[in-house]
Amino acid sequence: MFQALPGKGVPGEQILDELRELRRADLPTHGGRLFAYVYDPALDGLDDLARAAHAISAHVNGLDPTAFPSLLAMENALVGAAVKLLRGGAEAVGSVTNGGTESLILAVKAARDSRPELSGPRLVIPSTGHAAFAKAAHYLRVALDVVPVGDDLRADPAAMAAAITPDTVLVAASAPSYAHGVVDPIPELAAVAAERGVRFHVDACFGGWVLPYLRRLGAGLPEFDFAVPGVTSISVDLHKYAYAPKGVSVLLHRDEALRLPQYFAYAGWPGYTMINPVISSTRSGGPIAAAVATLRAIGDAGYLELAERTREAVAILAAAVTATDGVRLFAPPETTVVCLTADNDTATVNTAGPVDLFVLADELAARGWHTQPQMAFGDLPATIHLTVTAAVRATADEFAAGLADAVAAARARGPVLLPEALVAAAGALTPEMVTPELVAGLAEGLGLGGGDFTQMAAVNSLLDVTPPALREALLTGFLSLLQRPATEPAAAAGDGHGVG
Ligand SMILES: Cc1ncc(COP(=O)(O)O)c(C=O)c1O
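If you're matching positions, the sequence shown starts at -2 in the numbering used here and goes up one per residue.
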């Protein structure tokens, strides 16, 4: 491991080599085989362009748009593009944030601060709403009312309506949900909220940049944007299906009055008067310039083509799941997600044995298909999530064989059998009992001590049977265990040839 602060500077080429070497441990961000975290359009030259644009504006500070009008111009251009795509009117306004979570926190803040008279503001979301809403509620001390979704995995307008109280400052839903990729009935939900005079936020962080194109291609998806009366704000992440590098999302409001309580202003100190539309104060222009470059390089026609490729890839992957004995689609593949679960009800189980979904995820990874296991939740079984992007079109035809092979291997391995003592010990644990020492011991016992995360079936199986609050405590402890300062070695030979 290198020192971040060597005694003397290190030559640039060496530094870049070290960074490239570090990156080799990462999952592949390109190549259409990683189905979470990254969004790859597989367009030649786009990465280089975005990198160059990022470099031009990396040191520009969003703190003060009068000092750096370039950033203001770029942000206004991005917001303008999002307003057009999501059919905002002439009154629509927005802000550029660093990601979906920040956009959602700010949507909740704007709603909360529009009702200063309330001492106990509340937020209503469906149970499939993104975890970032819970984070927003937690950070902002807004009570969270989570409403179970229907059997179709969509928010239930009647149940959501029943959850609205005089203290509700915001109702929100997804277009689409991350876990399953299904679109909530936005028109019905917006009507319910409007009837009660409550703001309604559409979380289109995930799919907001691709749904309009899928609709143009004829997908039978409901309206979800500002064309729907009652929608007061929408979030859309440019670092997802707009394919911009990480660090850019847009939060739109139907009009300026709705946005105003989102701002933070403070003149009560001797320094500059701080006026922040978003959470960060100092902000790099780099990601914003990279997003502008990405949007301009791809263009409207390009996004339509990318959506077409994505749609084809989804259909191919979904067909592969349907054709493979032992797994089945868990949610309709109506957007850009393929969500599957184990199907152990078939006759084959008697001869071939059941499929353990977490073993399957490991077996898929061993074959180069990196998916995202999702734990059982309430009545919902464990599932495997695949976020599909345009790059997957090139690999999609190979997936069926890989899946069949992985299912056969998972069957041959059989389900994870956790040691009874471990299950009993976990069953007796409460979140309060989780200490750093306990987490370190567990991590060692489960083979995670050495930093190899390729065999996760046992860990996932254990977490799957762990109540959510305990799972949170264990994973918090584990992340904290990972996040330790690197010990600085003695100055290495070769140090001392760098800048300065
Ligand atoms: C629907 C939805 N909302 C919000 C977020 C949070 O976005 P970010 O990870 O950029 O903070 C995500 C991320 O996947 C998402 O899918």
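Positions of the beta carbon are idealized from the N, C-alpha and C atoms, including for glycine.
Check: Start-end ranges of the alpha helix (DSSP H) lying completely within the segment 405 to 468, minimum 4 residues; Outcome: 417 to 425, 433 to 442, 454 to 461
Check: S230 beta carbon near ligand 1 (any heavy atom closer than 7 angstroms); Outcome: no
Check: Pairwise C-alpha distance: P25 and A259; Outcome: Per the sequence shown, the amino acid found at residue 259 is Gln instead of Ala. The straight-line gap from Cα to Cα measures roughly 37 angstroms.
Check: Inter-stretch contact (C-beta, 8 angstroms, three-pair minimum) for the segment 245 to 260 and the segment 320 to 330; Outcome: no
Check: Ligand 1 heavy atom lying under 7 angstroms from the CB of T98; Outcome: yes
Check: Length of the line joining the Cα atoms of P433 and L460; Outcome: 17 angstroms
Check: Continuous alpha helix (DSSP H) assignments of at least 4 residues falling wholly in the segment 230 to 272; Outcome: 253 to 256
Check: A133: CB within 7 angstroms of a non-hydrogen atom of ligand 1; Outcome: no
Check: Sheet register partners of F32 (DSSP bridge); Outcome: Bridge partners of F32: none, in fact.
Check: Residue range of the beta strand (DSSP E) that includes S92; Outcome: 90 to 94
Check: Residues bridged to I122 [DSSP beta-bridge criterion]; Outcome: V143
Check: V189 beta carbon less than 8 angstroms from that of P154; Outcome: yes
Check: Meets three-Cβ-pair contact criterion under 8 angstroms: the segment 331 to 339 and the segment 376 to 392; Outcome: yes
Check: Rounded Cβ spacing between A187 and V233 (contact assumed at less than 8 angstroms); Outcome: The pair is not a contact, with the Cβ atoms about 16 angstroms apart (cut-off 8 angstroms).
Check: Straight-line Cα distance separating V334 from H177; Outcome: 7 angstroms
Check: Distance between K5 and G126 (C-alpha atoms, nearest Å); Outcome: 49 angstroms
Check: For F396, three-class secondary structure by DSSP; Outcome: helix
Check: Three-way DSSP call (helix, strand, coil) for I313 in this model; Outcome: helix
Check: Beta-carbon proximity list for V80, same chain, < 7 angstroms, skipping 5 on both sides; Outcome: A89, G91, L249
Check: Helix, strand or coil at S278 according to DSSP, with G and I counted as helix; Outcome: coil
Check: Nearest-angstrom beta carbon gap, G117 and D164 [assumed within contact, 8 angstroms]; Outcome: 5 angstroms
Check: heavy atom of ligand 1 below 7 angstroms from A129 C-beta; Outcome: yes
Check: Cα-Cα separation between A358 and G474, rounded to whole angstroms; Outcome: 24 angstroms
Check: Where G165 sits in the DSSP three-state scheme; Outcome: The identity of residue 165 in the sequence shown is Thr, whereas the question assumes Gly. In this structure, T165 counts as strand in the three-state DSSP scheme.
Check: Closer than 7 angstroms: F203 CB and nearest ligand 1 heavy atom; Outcome: yes
Check: Cβ-heavy atom distance, Y175 to ligand 1, below 7 angstroms; Outcome: yes
Check: Span separating the alpha-carbon of E429 from that of A224; Outcome: 48 angstroms
Check: Alpha carbon of R21 to alpha carbon of I12, nearest angstrom; Outcome: 15 angstroms
Check: Three-state secondary structure assigned by DSSP to R84; Outcome: coil
Check: heavy atom of ligand 1 below 7 angstroms from S246 C-beta; Outcome: yes
Check: C-beta atoms of L426 and L467 nearer than 8 angstroms; Outcome: yes
Check: Whole-angstrom distance between V76 and S54, CA atom to CA atom; Outcome: 18 angstroms
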